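Chemist:
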Amino acid sequence: MENAKLIFQGKEYEFPTFMGTENEMAIDVKKLRDLTGAITYDPGYGNTGACKSSITYIDGEEGILRYRGYPIEELAGELRFSAAAYLMLFGKIPTEKEFTDWSKALTQNSFIHSSQVSFLDHYPATAHPMNILGSMVSSMSSFYLHDSEDEAHVSLNIQRLVGQVKTIAAFSYRKSVGLPYIYPRADHSYSANFLRMMFASPAEEYVVPKVMEDALDTLLILHMDHEQNCSTSTVRMVCSSMANIYASVSAGINALWGKLHGGANEAVLNMLTMIHQDNDDYMKYVNLAKDKNSNFRLMGFGHRVYKNFDPRAKLLKEMVDRVLEEMGIHDPLLDIAKNLEEVALKDEFFIQRKLYPNIDFYSGILYRALGIPTEMFTVLFAIGRMPGWIAHWLEMRQDPDLRIQRPRQIYMGPPLRHYEPDGTLM
Ligand code: SDX
């Protein structure tokens, strides 16, 4: 590709360009400030590439999402989540033996350190499970060796993070409802173990319904990674200072919690419930979302990258009917969601702003069908995203361009001024 030319303050400058695997184009502005004295200004980084990455590819216009080159449509429903996590982390579909060994390692490392369980016990029953998850993952660096240069430490810590994130989640739920903890079993898949740890009664054998195990596998796979989203960029930001894997991932968990990001699935369910309690008057809320003074947004709608449709939302919408029917569930909130989508897709306000349902719009209905409490929806998002966060942490460590991330700014505050001490503040 030819260089990009910039004319600035009467002078012409040239900047190198390059193209990625899928012909995405970039202008390399690493030398911009040295050459021109100016910086770029791009709040929210909507036009700024922070890195080159080989993990995930999104085409927002075409509604394409691929993990390590594989379209999500070919993975969701065809692999157990732990097999897809192997692909995400190590870049290849595991052989049967690799899958067996990986599954065993995950189960063996999915037990929370016994001293750390008491850490969990001291949270109030009302603690939000995302708060518990972020703190517990951060504190794992107090219980496990984590030399980022020691491959044995890194390998074990990957297994602990992927394995224990579901255990911490299930334990935080059991604690919130005053039930004893259930521990994972080697003869259960990742998703079956999670569901059993959530819902099994100590008094009797609990058989995880296959429809629930398969639905959870698909949900977790669809949440596994999404390029440089807010939480993944946060993991990379913290990793760039050479912080350990637990510190980096717990920062990502906390970034995900926000309702504009991973917290949106919980916000969608709360919105649908509010509409249901308001006589299912969804048109009232569509009109509220269009009123700039209302500060109300249709949660689960819109996306920084997808401008036609979110392929994950499309898959979840196809799946939700089948799973609820198979489970014999009629959820009035699903009817409201479908009505909202139908109206919004025909309304100029949403069309003009390219606002379509995103992954969070239907995922909550499915989590609810699986019996997951609303407060745990974002925790489920974190369980799915864990392999993606770790894959980016691993990739960043091997990046020859690795530098501590430190954006610039333009100062808009008071000009130079001086303080004349009057002795009153000492
Ligand atoms: C996720 O980045 C990722 O990849 C994230 C994610 C992943 O997998 O990691 O895909 C997961 O976070 C999905 C998004 C979940 N969040 C929500 O559903 C919350 C509701 N949606 C938004 O608030 C918003 O759409 C964002 C945050 C998703 C995107 O924000 P942008 O790109 O900064 O867009 P914007 O806020 O500048 O909005 C552009 C216009 C504005 O109107 P105008 O000022 O141009 O008149 O669209 C309007 C906004 O007011 N708008 C909405 C809206 N979302 C944007 N209006 C009503 N309802 C909405 N949901």
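If you use this note's numbering, the sequence shown corresponds to residues 1333 to 1758, in order. Just so it is clear, CB atoms sit at the ideal spot from N, CA and C, and this is done for glycine as well. Model, not experiment: these values are computed from the prediction.
1) Can you tell me whether F1413 sits near the ligand SDX, meaning its C-beta is under 7 Å from at least one heavy atom of the ligand?
2) For V1497, collect the residues of the same chain with a Cβ closer than 6 Å to its Cβ; drop the 5 residues on either side in sequence, then sort them by chain order.
3) On a CA-only basis, which of F1350, P1403 and I1396 is nearest C1383? Give me that one, please.
4) The beta strand (DSSP E) spanning I1742 covers which residue range?
5) Indicate whether N1690 and Y1638 have their beta-carbon atoms separated by less than 8 Å.
6) Can you tell which of V1486, K1591, V1581 and A1437 has its C-alpha closest to the C-alpha of Q1730?
7) From this set, F1693, V1361 and Y1402, which residue's C-alpha is nearest L1601's C-alpha?
8) Since L1604 and A1669 should fall inside the 8 Å C-beta cutoff, what is the C-beta to C-beta distance between them, to a whole number of angstroms?
9) Give the single residue among L1698, M1728 and S1480 whose Cα lies nearest to the Cα of Q1737.
10) Got a sec, what are the start and stop residues for the beta strand (DSSP E) L1338 sits in?
11) I'd like to check one pair, T1353 with D1557: are the Cβ atoms closer than 8 Å?
12) Would you mind sorting P1426 into buried or exposed? The rule is 16 or more other CB atoms within 10 Å of its CB.
13) Under 7 Å: does the beta carbon of N1586 sit that close to some heavy atom of the ligand SDX?
14) I1396 bridges to which residues according to DSSP?
15) Closer than 8 Å by C-beta to I1396: which residues in its own chain qualify, once you throw out the five before and the five after it? Chain order, please.
16) On the criterion of 16 or more Cβ atoms from any shown chain inside 10 Å, does F1682 qualify as buried, or is it exposed?
17) So, helix, strand or coil for M1556, using DSSP?
18) If you follow the beta strand (DSSP E) that K1343 is part of, which residue opens it and which one closes it?
19) For N1463 and I1359, what's the separation of their Cα atoms in angstroms?
20) Pull up the DSSP beta-bridge partners for I1359, would you.
21) Between the Cα of Y1418 and the Cα atoms of M1574, F1431 and A1408, which residue gives the shortest distance?
22) Just to confirm, are L1552 and I1500 a CB contact at a threshold of 8 Å?
23) What are the start and end residues of the alpha helix (DSSP H) that includes Q1684?
24) Whose C-beta lies closer than 8 Å to the C-beta of G1378 among residues of the same chain, with five residues either side of it excluded?
25) On a CA-only basis, which of V1570, D1679, P1705 and Y1699 is nearest L1734? Give me that one, please.
26) Within the same chain, show all residues whose beta-carbon is closer than 7 Å to that of A1723, passing over the 5 residues directly before and after it, in chain order.
27) Going residue by residue through the stretch 1459 to 1526, where are the continuous beta strand (DSSP E) segments of at least 3 residues, counting only ones entirely within it?
28) My guess is that L1665 and I1704 are in contact by the Cβ rule of under 8 Å, so how many angstroms apart are they, rounded?
29) By the 10 Å Cβ neighbour count, where 16 or more other Cβ atoms means buried, how is M1529 classified, buried or exposed?
30) Give me whichever residues DSSP pairs with F1633 in a beta bridge.
31) Based on the DSSP output, what are the partners of P1664 in its beta bridges?
32) Verify the contact flag: V1711, CB atom, against every heavy atom of the ligand SDX, threshold strictly below 7 Å.
33) Which residue or residues does DSSP assign as beta-bridge partners of P1534?
34) Flag this pair as yes or no: are the beta carbons of Y1399 and L1411 separated by less than 8 Å?
Modeler: Concretely, from the data shown:
1) Counted from its first residue, the sequence shown places residue 1413 at position 81. F1413: no, Cβ never under 7 Å from the ligand SDX.
2) To locate residue 1497, count along the sequence shown from 1; it is residue 165. I1715 and M1718.
3) The residue you call residue 1383 lines up with position 51 of the sequence shown. Measuring from the Cα of C1383, the nearest candidate turns out to be F1350.
4) Within the sequence shown, the letter at position 410 stands for residue 1742. First-last for I1742: undefined, no H or E at that position.
5) Working through the sequence shown from its first residue, we reach residue 1690 at position 358. Working through the sequence shown from its first residue, we reach residue 1638 at position 306. Cβ distance < 8 Å, so N1690 and Y1638 count as in contact.
6) Position 398 of the sequence shown, counting from 1, holds the residue named residue 1730. Checked all of V1486, K1591, V1581 and A1437; the closest Cα to Q1730 is V1486.
7) Counting from 1 along the sequence shown, the entry for residue 1601 is found at position 269. The shortest C-alpha separation from L1601 is found at F1693.
8) Sequence index remark: in the sequence shown, residue 1604 carries index 272 (1-based). Sequence index remark: in the sequence shown, residue 1669 carries index 337 (1-based). At roughly 6 Å, the Cβ-Cβ gap stays under 8 Å, so L1604 and A1669 are in contact.
9) Here residue 1737 refers to the residue found at position 405 when the sequence shown is read from its first residue. With distances taken between Cα atoms, Q1737 lies closest to M1728.
10) Start at 1 with the first residue of the sequence shown, and residue 1338 comes out as number 6. From DSSP, the beta strand (DSSP E) with L1338 extends over A1336 to F1340.
11) Along the sequence shown, read from residue 1 onward, the residue named residue 1557 stands at position 225. Along the sequence shown, read from residue 1 onward, the residue named residue 1353 stands at position 21. No; because the gap between Cβ atoms is not below 8 Å, this pair is not in contact.
12) Stepping through the sequence shown from its first residue, residue 1426 is reached at position 94. It counts as buried.
13) Within the sequence shown, residue 1586 is the residue found at index 254, counting from 1. False, no ligand heavy atom lies under 7 Å from that Cβ.
14) To locate residue 1396, count along the sequence shown from 1; it is residue 64. Answer is D1391.
15) The residue you call residue 1396 lines up with position 64 of the sequence shown. Cβ neighbours of I1396 beyond the five flanking positions: Y1389, I1390, P1403 and P1643.
16) Translated into the one-based positions of the sequence shown, residue 1682 becomes position 350. Burial call: buried.
17) Your numbering for residue 1556 matches position 224 in the sequence shown. Note: M1556 maps to coil in three-state DSSP.
18) Locating residue 1343 in the sequence shown gives position 11, counting from the first residue. Taken as a continuous stretch (DSSP letters only), the beta strand (DSSP E) holding K1343 covers K1343 to F1347.
19) Taking the first residue of the sequence shown as position 1, residue 1463 is located at position 131. Taking the first residue of the sequence shown as position 1, residue 1359 is located at position 27. Taken atom to atom, the span from the alpha-carbon of N1463 to that of I1359 is near 39 Å.
20) Translated into the one-based positions of the sequence shown, residue 1359 becomes position 27. T1349, per the DSSP bridge assignment.
21) Reading the sequence shown from its first residue, position 86 is the one you call residue 1418. Answer by Cα proximity: F1431.
22) The residue given as residue 1552 occupies position 220 in the sequence shown. The residue given as residue 1500 occupies position 168 in the sequence shown. Their beta carbons are not under 8 Å apart, which means L1552 does not touch I1500 by this criterion.
23) Residue 1684 sits at position 352 when you count from the first residue of the sequence shown. Q1684 -> alpha helix (DSSP H) spans E1680 to Q1684.
24) By one-based count along the sequence shown, residue 1378 stands at place 46. Hits under 8 Å: R1636.
25) Residue 1734 sits at position 402 when you count from the first residue of the sequence shown. Ranking V1570, D1679, P1705 and Y1699 by Cα distance to L1734 puts V1570 first.
26) As a first step, residue 1723 is located in the sequence shown; it is residue number 391 there, counting from the start. Closer than 7 Å at Cβ, skipping near neighbours: I1387, M1420, L1421 and D1557.
27) The qualifying runs do not exist here; there are none.
28) Along the sequence shown, one-based indexing puts residue 1665 at 333. Along the sequence shown, one-based indexing puts residue 1704 at 372. Incorrect: roughly 14 Å between the Cβ atoms, too far for contact.
29) Stepping through the sequence shown from its first residue, residue 1529 is reached at position 197. Burial call: buried.
30) Working through the sequence shown from its first residue, we reach residue 1633 at position 301. DSSP lists P1689 as partners of F1633.
31) Numbered from its first residue, the sequence shown carries residue 1664 at position 332. Within the DSSP bridge table, the entry for P1664 names no partner.
32) The residue labelled residue 1711 in the question sits at position 379 within the sequence shown. No, the Cβ of V1711 stays beyond 7 Å of every heavy atom of the ligand SDX.
33) In the sequence shown, counting from the first residue as 1, residue 1534 sits at position 202. Paired residue(s): none; P1534 is not in a bridge.
34) For the purposes of this step, residue 1399 is taken as the residue at position 67 of the sequence shown. For the purposes of this step, residue 1411 is taken as the residue at position 79 of the sequence shown. Result no, Cβ atoms of Y1399 and L1411 do not sit closer than 8 Å.
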